[in-house]
Ligand SMILES: NC(=O)c1ccc[n+]([C@@H]2O[C@H](COP(=O)([O-])OP(=O)(O)OC[C@H]3O[C@@H](n4cnc5c(N)ncnc54)[C@H](O)[C@@H]3O)[C@@H](O)[C@H]2O)c1
């Protein structure tokens with residue numbers, strides 16, 4: 001069983017964290033940043049275990065966690081397999097103590113806690129207090145409530161900037177310097193003019209040496225780590241990534257999702273997972289090369305018959321495209337392409353990512369539902385297939401985060417965090433570049449149509 005280095009939080013916390021520059025957490029241990037760690041940059045896929053095969057982390061002392069947001073990502077819903085609280089319960093076992101739940105929707109927060117307290121995980125939640133804001137919690141916090149991890153699942157419009165009220169990362173750095181963070185994707189959803197603010201936050205996080213993981217959980221799929229392993233073991237250079245993300249629009253009933261003034265549009269809000277995976281294999285993108293086209297709601301081919309919300313209530317200029325198809329060059333010279341479709345009905349999404357290198361095709365199919373990896377190797381036409389039953393990337397991302405916080409020494413195989421805040425900002429930047437490129441082309445073609453119409457009527 002792995003043992004752990006003692007944490008600075010194992011000893012009593014002197015003084016208050018509020019209003020101080022330095023921190024009780026300023027020790028070298030807590031300052032190890034995920035990006036500069038000596039840990040493995042990828043994970044041996046055989047070490048990614050489903051929850052029922054993984055045992056809770058060793059130790060007996062309480063592990064304080066602070067949750068920000070009481071919504072679906074934190075406590076689950078019918079929409080999908082996400083539910084961070086459930087994974088924390090399994091990873092930390094009886095050590096888990098959720099010190100507070102921050103959400104302006106007090107009733108919702110109280111209701112989810114009530115439900116937890118009716119189950120066998122009661123000990124993690126029976127003393128959880130609910131606050132509208134982080135500041136309220138800090139004002140009312142005692143020493144024993146200091147968290148070791150802050151998990152942020154509030155909507156992205158309230159984060160990723162340096163502006164008051166939309167700067168939760170900076171607040172966490174201020175109130176809890178050195179305490180690890182987990183932030184949901186995307187990094188933000190404000191206007192593109194604010195992207196630089198997200199990078200400012202990335203720099204503040206990295207300069208402070210704070211451990212920070214962003215919720216691009218597909219990086220933790222066993223299939224994805226097997227693709228990485230093949231690339232690393234064979235010293236391959238990626239030539240191209242080809243990604244396709246087709247959502248099942250009939251199942252999407254959140255009106256905000258259909259309004260790009262609210263959700264920033266489907267590429268930024270949802271396609272982001274596949275833009276991120278593309279970058280995970282292709283590397284940094286030369287943003288000047290991003291080009292894209294869209295099929296829009298007002299074009300004949302863009303008509304959808306089964307939208308479950310009232311789209312006419314959304315101003316025309318804010319309605320989302322049905323198809324967005326983009327290409328770009330990576331800085332390595334490789335080429336990336338991505339197509340997002342709002343076209344399918346039913347429930348399951350249809351998503352695929354192909355990665356090409358000399359002699360190799362690595363094709364990841366259905367990563368959300370039942371991942372299958374098809375591999376074609378050099379000198380061969382045969383396509384092998386690998387299935388990964390019971391894989392749980394949501395558990396793996398939480399598990400790696402906790403292992404990094406606990407700093408398990410005996411386990412050199414423990415991976416570093418696979419998605420840093422800076423990396424997430426680059427993905428955010430790519431998705432905005434795709435949206436803007438497609439909107440430029442749409443504006444151009446509307447202009448041309450207008451000119452042609454004017455010419456005919458003359
Ligand atoms: N990785 C994934 O696959 C995945 C899946 C679902 C959601 N998400 C992400 O999780 C985030 C939240 O999504 P969700 O589905 O849980 O949304 P949700 O609407 O179900 O819940 C959001 C909660 O945050 C609360 N909230 C609003 N403002 C807040 C603030 N300033 N501080 C604290 N809480 C606040 C709301 O009251 C609500 O309870 C989004 O960024 C989304 O993209 C990721």
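In the UniProt record's numbering, the protein residues as written are 1 to 458. Using N, Cα and C, we set each Cβ at its ideal position, and we do this for glycine too.
For residue 398, the closest C-alpha among the options 284, 438 and 220 is that of 220. With a threshold of 16 other beta carbon atoms within 10 Å, residue 446 falls short and is exposed. For residue 184 and residue 172, the gap between their C-alpha atoms comes out near 14 Å. Look at residue 369 here: in three-state DSSP terms it is coil, with no helix or strand label. For residue 347, there is no enclosing alpha helix (DSSP H), since its DSSP letter is neither H nor E.
Only residues of its own chain outside the window of five on either side were considered, and among them 255 have a CB closer than 8 Å to the CB of residue 313, listed in chain order.
CA-CA distance, residue 323 to residue 435, rounds to 11 Å. Its chain contains 263 as the residues whose beta carbon lies nearer than 6 Å to that of residue 257, once the 5 sequence neighbours on both sides are disregarded; these appear in chain order. Straight-line measurement puts the Cα of residue 251 at about 47 Å from the Cα of residue 458.
Within the segment 47 to 135, the runs of beta strand (DSSP E) that reach at least 3 residues and sit entirely inside it are, in chain order, 63 to 68, 96 to 102 and 129 to 131. According to the DSSP assignment, residue 323 belongs to no alpha helix (DSSP H) but to the beta strand (DSSP E) extending over 323 to 329. Around the beta carbon of residue 438, 16 or more other beta carbons sit within 10 angstroms, so the residue counts as buried.
Between the segment 352 to 363 and the segment 297 to 311, the count of C-beta pairs closer than 8 Å stays below three; the two stretches do not touch. Distances from the CA of residue 366 to each of 336, 81, 59 and 245 were compared; the closest alpha carbon is that of 245. For the pair of segments examined, the segment 127 to 143 was found to touch the segment 98 to 111: the number of CB pairs separated by less than 8 Å reaches three.
In the structure shown, residue 44 falls within a coil segment according to DSSP collapsed to helix, strand and coil. The C-beta of residue 114 has fewer than 16 other C-beta atoms within 10 Å across all chains shown, which makes the residue exposed. The segment 221 to 233 makes no contact with the segment 194 to 207, as fewer than three CB pairs between them are under 8 Å.
Secondary structure of residue 339 (DSSP, three-state): strand. Here residue 303 carries a coil assignment [DSSP, helix/strand/coil].
A check of alpha carbon separations from residue 335 across 385, 135, 43 and 281 identifies 281 as the nearest. Within the DSSP secondary-structure output, residue 183 pairs in a beta bridge with 152 and 214.
CA-to-CA, the gap between residue 449 and residue 291 works out to about 21 Å.
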